[in-house]
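Participant:
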Amino acid sequence: MPRLDTSASRAKTRSPTSSPPPTSPHRAKLPVTPAAVARPNPIDSAVTRSPRAATEPMTKPLSPSNAKVVPRAGTVEPAATPTEAAAPPPSKSSTTSAKPAAPLTQEEIMDMEIFNQILEMDDDPDNRDFSPTIVIEYLEQAVETFIKMDTALKNKELDKLASLGHFLKGSSAALGIKRVRDCCESIQNYGHLRGDDPNNRDDKLDPEEALKRIAKLIVEVRGEYQIGKTWLEDFYGPALHAEQ
Numbered sequence: 116m117p118r119l120d121t122s123a124s125r126a127k128t129r130s131p132t133s134s135p136p137p138t139s140p141h142r143a144k145l146p147v148t149p150a151a152v153a154r155p156n157p158i159d160s161a162v163t164r165s166p167r168a169a170t171e172p173m174t175k176p177l178s179p180s181n182a183k184v185v186p187r188a189g190t191v192e193p194a195a196t197p198t199e200a201a202a203p204p205p206s207k208s209s210t211t212s213a214k215p216a217a218p219l220t221q222e223e224i225m226d227m228e229i230f231n232q233i234l235e236m237d238d239d240p241d242n243r244d245f246s247p248t249i250v251i252e253y254l255e256q257a258v259e260t261f262i263k264m265d266t267a268l269k270n271k272e273l274d275k276l277a278s279l280g281h282f283l284k285g286s287s288a289a290l291g292i293k294r295v296r297d298c299c300e301s302i303q304n305y306g307h308l309r310g311d312d313p314n315n316r317d318d319k320l321d322p323e324e325a326l327k328r329i330a331k332l333i334v335e336v337r338g339e340y341q342i343g344k345t346w347l348e349d350f351y352g353p354a355l356h357a358e359q
């Protein structure tokens with residue numbers, strides 16, 4: 116019986132999707148399936164997601180402006196310190212700290228020669244009963260005089276200011292409270308339109324300038340009064356407070 120040629124029939128029945136037989140046993144190719152063809156390439160899909168990514172490189176070269184060092188786990192990243200704007204050098208006034216004013220001495224506050232004459236009026240130095248009444252009367256008069264000065268300053272009454280300065284200057288001098296006395300003497304001179312040198316007739320002030328100087332002195336004399344009052348209260352102690 117003649118031998119049939121089955122090569123043609125096998126070629127007809129071969130699947131159209133089947134791959135040809137390997138040409139070499141050492142270089143066998145894997146069959147390409149429809150699922151493998153349809154599976155998207157992750158790199159291609161990442162590029163096609165953004166139109167911009169198609170024209171730009173995948174990685175951007177690092178420059179000093181965008182370079183960032185990622186700290187290692189468990190470490191603390193140091194805080195950035197500004198280097199572009201350097202701090203200005205400290206000024207001479209900031210490096211030299213202002214020293215606190217030294218407290219005034221007894222001689223700067225009181226004329227002790229005059230004050231001792233007031234103390235001699237007391238019969239018993241251990242139980243002063245007369246001089247505290249003089250001191251208390253002075254403190255009350257000074258407060259009333261300050262109020263009158265404020266009113267006269269508001270009304271621009273230079274003659275009244277000169278008179279009030281003269282009054283408080285005399286009572287302060289009688290007790291030996293020097294700094295209040297000196298301030299009130301200047302108020303008196305400015306109220307008469309005299310300058311800092313009352314003996315110089317050419318040293319005259321205009322009314323506006325005199326009022327400005329008196330306004331500053333009223334503030335200053337109040338502070339000097341508080342210093343003198345504190346000293347007197349410390350000197351007399353309970354005896355002065357009992358009279359008040």
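Read in my numbering, the sequence shown has 148 at position 33, and its numbers run on one by one without any break.
We treat Cβ as the ideally placed atom computed from N, Cα and C, and that holds for glycine.
1) P322: which of N314, G310 and I333 sits nearest, CA to CA?
2) Pull up the CB-CB distance for L290 and V250, whole angstroms please, since I reckon it's below 8 Å.
3) Enumerate in chain order the residues of its own chain whose CB-to-CB distance from F245 is below 7 Å, with the five nearest sequence positions on each side excluded.
4) Does the Cβ of D226 lie closer than 8 Å to at least one heavy atom of the ligand SAM?
5) Consult DSSP for D349 and reduce its assignment to one of helix, strand or coil.
6) Below 9 Å between beta carbons: does that hold for I333 and L273?
7) To which residues of the same chain is Y253 closer than 6 Å at the C-beta, ignoring the five residues directly before and after it?
8) Given a threshold of 16 other Cβ atoms within 10 Å of its Cβ, counted over all protein chains shown, does V325 qualify as buried or as exposed?
9) Take T121 and list the residues in its own chain whose beta-carbon comes closer than 6 Å to its own, dropping the five residues that flank it on each side.
10) Can you tell me whether DSSP reads K293 as helix, strand or coil?
11) Mind checking who R309 pairs with in its DSSP beta bridge?
12) Apart from the five residues just before and just after F230, which ones in its own chain have a Cβ nearer than 8 Å to its Cβ?
13) Got a sec, what are the start and stop residues for the alpha helix (DSSP H) P247 sits in?
14) Between the beta-carbon of R109 and the beta-carbon of F261, is there less than 9 Å?
15) How long is the line joining the alpha carbons of G352 and T345, rounded to whole angstroms?
16) On the three-state DSSP scale, how would you describe M225?
17) Is it buried or exposed, K319, if we count other Cβ atoms within 10 angstroms and call 16 or more buried?
18) What does the Cβ neighbour count give for K331, buried or exposed, with the cut at 16 atoms within 10 Å?
19) Please confirm whether P247 and A354 have their CB atoms less than 9 Å apart.
Facilitator: Considering the structure as presented:
1) G310
2) 7 Å
3) M236 and D237
4) Questions concerning the ligand SAM fall outside what the structure shown contains, since it holds no ligand whatsoever.
5) helix
6) no
7) S286 and L290
8) The sequence given here places Ala at residue 325; Val does not occur at that position. The residue in question, A325, is buried, as its Cβ has 16 or more Cβ neighbours within 10 Å.
9) At T121 the pLDDT is 48, less than 50, meaning the model places this residue with poor confidence and gives no usable figure here.
10) helix
11) K319
12) L290 and G291
13) S246 to K269
14) Any question about residue 109 goes unanswered here, given that the chain covers just 116 to 359.
15) 10 Å
16) strand
17) exposed
18) exposed
19) yes
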